[in-house]
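Counted from 1, the sequence shown has number 456 at position 186 by our numbering; the numbering is strictly sequential. Each residue gets a CB set at the ideal place from its N, CA and C atoms; glycine is no exception. Please read these numbers as outputs of a predicted model, since none were measured by experiment.
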Amino acid sequence: MRSLEDMSVLITGGGSGIGLGAAEHFGRRGAFVTIAGRREEPLLAAAEQIGTRCNAVVGDVTVADDRRRMVEDAVEHGGGLDALLSLAGNMYVGTIGALEEDRLLDLFHSNVVAGMMLAQCAKDHLVERKGSIVFAASVHTRRAFPGASGYAATKGAIEALTGVLAAEFGRKGVRVNSVRPGGVHTEILVRGGMAKDDEESRERVEALASAHVLGRIGTTGEIAEALEYLVCAEWTTGEVLTVDGGLSLGVTKG
Ligand SMILES: NC(=O)c1ccc[n+]([C@@H]2O[C@H](COP(=O)([O-])OP(=O)(O)OC[C@H]3O[C@@H](n4cnc5c(N)ncnc54)[C@H](OP(=O)(O)O)[C@@H]3O)[C@@H](O)[C@H]2O)c1
């Protein structure tokens with residue numbers, strides 16, 4: 271296993287939720303972390319809290335120039351690039367009759383296409399350092415949540431492209447994996463308009479606790495541990511690592 275010490279890591283979506291948890295964890299382990307997202311305030315607050323090894327880049331992963339800047343800043347900050355954690359993502363829900371085409375296209379842009387284009391942008395730097403890429407998949411590909419077909423479809427795409435990119439990059443020494451989290455309380459429901467505030471968001475995620483075999487939702491720190499494994503395990507590639515407290519087992523009482 272490699273160590274995170276002195277690794278240079280770019281984390282999109284690093285200003286909140288799972289990305290922030292990863293930035294804190296990787297920062298504690300001695301990595302040079304560059305976090306990126308659209309909102310300046312949470313990014314700067316995170317960078318200040320994590321310390322001088324953390325660098326913040328305000329930008330939108332759906333914008334090509336912003337993606338280039340994220341990669342360039344991460345390379346400058348960390349002296350190269352060892353890992354791209356493509357965690358920025360959004361939710362958009364509605365049953366099939368209510369879905370709007372433009373919003374679905376936006377969802378695929380931020381959740382799928384942007385990560386692929388970031389991988390393109392980062393590839394030469396990752397080859398140089400024999401680095402790795404990790405994408406955010408979801409338990410939504412394993413359990414059916416009515417009203418979330420668009421979101422689940424973006425995560426299915428992420429899982430499919432993980433293997434193909436792993437095959438494309440393998441002989442260049444770059445690994446490509448995904449993490450598949452279960453329920454974790456973050457900002458995603460509020461940002462997507464599914465909960466009015468943080469309290470309602472927590473209640474909605476906590477309502478899923480009993481569907482997890484371990485009887486509780488997960489923490490961002492627990493997802494960060496899985497991300498550390500995927501970034502450091504030198505013979506793991508093309509893997510979608512489920513870290514979901516058993517939610518995807520779909521246990522049904524007889
Ligand atoms: N929470 C869960 O239970 C769960 C489960 C499975 C998978 N996931 C996945 O985990 C990832 C992280 O989500 P989270 O739950 O931690 O939610 P979150 O707290 O809302 O974090 C998502 C982050 O992505 C950033 N982002 C969204 N669109 C962006 C864009 N166009 N450009 C740059 N940054 C963008 C957001 O920041 P700005 O709005 O400031 O840009 C936000 O900080 C997502 O891919 C999500 O689908 C979450």
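If we call anything under 8 Å between Cβ atoms a contact, is residue i one with residue j?
| i | j | result |
| --- | --- | --- |
| R308 | L388 | no |
| G297 | D276 | no |
| N360 | G462 | yes |
| V501 | L314 | no |
| V363 | G287 | no |
| I403 | L354 | yes |
| G350 | S278 | yes |
| H295 | E498 | yes |
| T332 | H379 | yes |
| Y421 | L377 | yes |
| A334 | L280 | no |
Any idea if residue i is buried or exposed, counting beta-carbon neighbours within 10 angstroms, 16 or more meaning buried?
| i | result |
| --- | --- |
| G292 | Here residue 292 turns out to be Ala, not Gly, going by the sequence shown. That one is buried. |
| A477 | exposed |
| G289 | buried |
| T522 | exposed |
| T282 | buried |
| D352 | buried |
| M340 | buried |
| I320 | buried |
| G367 | exposed |
| A306 | buried |
| A414 | exposed |
| G385 | buried |
Which same chain residues, not among the five before or five after residue i, have their C-beta less than 6 Å away from its C-beta?
| i | result |
| --- | --- |
| K442 | V397 |
| E310 | V328 |
| V460 | S471 |
| C324 | G297, V303 and A317 |
| H347 | F302, T304 and N325 |
| A465 | L459, S471 and R474 |
| G491 | G291 |
| A358 | T282, G283 and V331 |
| L519 | V483 |
In the DSSP assignment, what are the bridge partners of residue i?
| i | result |
| --- | --- |
| G488 | V454 |
| F302 | S278 |
| R445 | S402 |
| G307 | V328 |
| T512 | R450 |
| S356 | T282 and F405 |
Take residue i and list the residues in its own chain whose beta-carbon comes closer than 7 Å to its own, dropping the five residues that flank it on each side.
| i | result |
| --- | --- |
| K400 | G443 and V444 |
| T507 | A436, G440, R445, V446 and N447 |
| K425 | A407, S408, H410 and T411 |
| A496 | V449, L511 and V513 |
For residue i, which residues in the same chain have their Cβ closer than 8 Å to its Cβ, ignoring the five residues on either side in sequence?
| i | result |
| --- | --- |
| T432 | F405, A407, V446, N447, S448, G508, E509 and V510 |
| I493 | I288, G291, A292, V449, P451, V454 and V513 |
Could you check if residue i belongs to the surroundings of ligand 3, using beta carbon to heavy atom distance under 7 Å?
| i | result |
| --- | --- |
| G515 | By its list of ligands, the structure shown excludes ligand 3, since it contains just ligand 1. |
The region 506-516 contacting the region 480-488, beta-carbon criterion three pairs below 8 Å: With the cut-off at 8 Å, the region 506-516 and the region 480-488 touch.
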